[in-house]
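Undergrad: Note that our numbering has the sequence shown beginning at 55, numbered continuously upward.
Every residue gets a Cβ at the ideal spot worked out from N, C-alpha and C, and that includes glycine.
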Amino acid sequence: MDAITYTQARKNFTDTMNRVCEDHIPLIITRQNQDPVVMLSLEDYNAIEETLYLLRSPRNAQRLLKALQAVEKDEYSEKKLIED
55 MDAITYTQAR KNFTDTMNRV CEDHIPLIIT RQNQDPVVML SLEDYNAIEE
105 TLYLLRSPRN AQRLLKALQA VEKDEYSEKK LIED
């Protein structure tokens, strides 16, 4: 994860935001005498929130892990979706 100073971020704010959104890589913004912050695209933030929601339930997390393991072993079957 890259890091830039608050001054650099402020000077190139639009470019900084575009970079974070296009590259899908969070950016650390350091500040003098204060804790750093992370700039993250809304799309990436929503993906993290959804992942946390899905893994919040131990039972669901176990089910998802089992499904991933099945895919890695090619132990799955494809099903056609019904189209309207």
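Thinking C-alpha only, which one of Leu108, Met93 and Leu109 is nearest Leu81?
TA: Ranking Leu108, Met93 and Leu109 by Cα distance to Leu81 puts Met93 first.
Undergrad: Which residue marks the beginning of the alpha helix (DSSP H) containing Pro112, and which one marks its end?
TA: Pro112 to Glu126 is the extent of the alpha helix (DSSP H) around Pro112.
Undergrad: Where do the N-terminal and C-terminal ends of the alpha helix (DSSP H) with Met71 fall, by residue?
TA: Here the alpha helix (DSSP H) through Met71 covers Phe67 to Asp77.
Undergrad: Measuring CB atoms only, is the segment 83–93 touching the segment 114–128, in the sense that at least three cross pairs come out at less than 8 angstroms?
TA: Contact between the segment 83–93 and the segment 114–128 is absent, because fewer than three Cβ pairs lie under 8 angstroms.
Undergrad: In terms of residues, what are the limits of the beta strand (DSSP E) holding Asp89?
TA: Gln88 to Met93 is the extent of the beta strand (DSSP E) around Asp89.
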